[in-house]
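Numbering (this note's numbering), first residue to last: 93 to 796. The block underneath contains the structure these notes are about, expressed in structure tokens.
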């Protein structure tokens, strides 16, 4: 059912003939399995080893030499590439399929292999579940449901799902907020959904089909060598025929023992001439040069999987770069904080800037004048922000010694708050920053967060809900009960009557004037700077309280506003400028919305020469709707293509190739796979998915 996102829940259930309270019957399961097939991506045909060997001789000059050798061998009977290339296996996609699913059949829930699912099955999903098939939401069993679908769309943040039908025309995956896509992961909430697509008829299946349909493009060097080989073969063939024809009069010489033997003798001479004229050392020389280039690339942390791609890289005219995880770190972090600061004229909303772009607990905090704070935790507002960030949180940061990187478990926005607590540090003594640096990486990962968790005991939690747009946690510490809250700024502000002052930790009434200042800051963070914003607050609670109710979330004290983003990599700006100086155009391709993409390019600072992005930035739907002539012009000017699906990335690469561009595609996710294979040269990030790295010609190894 391709348009399930635009249908109501009742229409979808009616289409499959399923009762949401009982599920499918055994008879219906058998019928649907026969009609729609199994929920598994078909097995690809494995290329035999002998074909892989023969592929190494796919060179015209080599073929001529082999033919000459065969002819010489046959006449004698009458008388007496470098490294095995990798096989691209789309079966890597099967790693993203779920193993089991909780299914409602015959009125009972049971756990079944995900491969047994059929369209019409009612499936229940919860936190941590990998979605086993494409499904239409029918019921949300918790306050909300959030899904991480970055592997499919490249979106930095998890997506909140809903039940309502989608009315958007030309809806892309990002618009289908009522669909759970196969291979994505539930990060918050619990829900039920009806299966609408299995196996190849899923979003993941369409990526696989696109990969299998894409034929490998010959590299510019391969094309030139083939052209040279064809030209040389024609010249040699002409000369050989001429030599043989000129000597027809000598076929009957007595020395040859007859006309036929004379013809064979001069045919051997023609073959020998052909062999002598062919530069048989050329393939070896080319391979050696490419191998030397590969060695140089390896020193720069670029792992080359296909030798000819070294030359292709030098011919590249356009680079289509995925945003999330390639231009950015794909590691959400807090970049700005807004708190109240006292000045002579009264309280003023003031900003702090936070550095650090990865999950490593490293970074500094700077005030509005750019001065670094030596001990941020000495400031009351920042101290309380650290407390709230650590305690009103369910995520985990840990160090992976095998990969030598810090990793997250949980919602990316909560992880960003964990990191903020680590960067603020702890109060108490002046040597705290240096003391933290002496810890091992494993200890340092969550040292400050563990400190706050050891000081406070969590008593009760009010989970996030869509109507409240906030969550709260009740904590107890030495005859003190405090409720910490976080949520959407407009929701938190509406519940606050006081605000914490940064100078001495005192509270002042949240006047209309102060509220207006905070709203201006919020609009600036969320608007022009496209930051994801959260507000933090607290409330002193009566001693002995053991639970929370929604009525407790009133009369709060506002602590601060935090703005977070998926930050651009530090080296991106210089890399893009180097490409531009070399005459290579860079196009940013992303699943995020247009405003976010343009804001990122402004933060990178490499596109300042464009002024605004009018005529340079398009959404995928805007680009598709352009007439052919305008589309051709747009391709020559384009800098940003946003709101894309995997098929749009492949379409962009193909359109550029049709304009005789040599296209490189960089990416790290499953959603980049079709474009990586279609491009003249695919470049994957070392931190990317196995699918991207298997398909790419290059793999860029990053070491954090």
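Just so it is clear, CB atoms sit at the ideal spot from N, CA and C, and this is done for glycine as well. Note that this is a predicted model, so its numbers are computed, not measured.
DSSP places residue 790 inside the beta strand (DSSP E), whose first and last residues are 790-792.
Residue pairing for residue 300: DSSP places it in no beta bridge. Here residue 578 is bridged, per DSSP, to 563 and 628. In the structure shown, residue 586 falls within a helical segment according to DSSP collapsed to helix, strand and coil.
Shown here for residue 664: same chain residues with a beta carbon closer than 7 Å to its own, the five before and five after excluded, namely 419 and 696 in chain order. Residue burial is scored here from C-beta neighbours: residue 435 has fewer than 16 other C-beta atoms within 10 angstroms and is therefore classed as exposed. As DSSP reads the structure, residue 756 sits in a beta bridge with 411 and 773. Under the criterion of beta carbons closer than 8 Å, residue 600 and residue 472 do not qualify as touching, at roughly 12 Å. Residue 446 holds the alpha-carbon nearest to the alpha-carbon of residue 466 among 116, 446, 775 and 479. In the three-state DSSP reduction, residue 490 falls in the strand class (E or B).
Within the same chain, and ignoring the five residues on either side of residue 552 in sequence, the residues whose Cβ sits closer than 6 Å to its Cβ are 566, 639 and 640.
Per the Cβ contact rule, the region 525-536 is not in contact with the region 573-589 (fewer than 3 Cβ pairs under 8 Å). Note on geometry: alpha-carbon atoms of residue 301 and residue 283 lie some 29 Å from one another.
535 is the residue among 470, 386 and 535 whose C-alpha sits nearest the C-alpha of residue 488.
In its chain, beyond the 5 residues on either side, no residue has a beta carbon closer than 8 Å to the beta carbon of residue 380. When the beta-carbon positions are compared, residue 247 and residue 683 come within less than 8 Å of each other. Distances from the CA of residue 630 to each of 584, 689 and 750 were compared; the closest alpha carbon is that of 584. Scanning the region 311-352 from its first residue to its last, the whole alpha helix (DSSP H) runs of 4-plus residues come out as 312-338. About 6 Å separates the CB atoms of residue 215 and residue 227; that is less than 8 Å, so the two are in contact.
Counting the other CB atoms within 10 Å of its CB gives residue 501 a total below 16, which places it among the exposed residues. By the criterion of a C-beta distance shorter than 6 Å, residue 474 is surrounded in its chain by 468 and 516, once the five residues flanking it on both sides are discounted.
Within the DSSP secondary-structure output, residue 240 pairs in a beta bridge with 277.
In the three-state reduction of the DSSP assignment, residue 723 falls in the helix class, which pools H, G and I.
8 Å or more divides the Cβ of residue 592 from the Cβ of residue 692. Just so you know, the alpha carbons of residue 94 and residue 718 end up roughly 25 Å apart. In the displayed model, residue 428 falls within a strand according to three-state DSSP. Going by C-alpha positions, residue 701 is about 49 Å away from residue 231.
Relative to the Cα of residue 609, the nearest Cα in the group 98, 320 and 441 belongs to 441. Using a C-beta cut-off of 8 Å, the region 445-460 makes no contact with the region 616-623, since fewer than three inter-stretch Cβ pairs fall below that distance.
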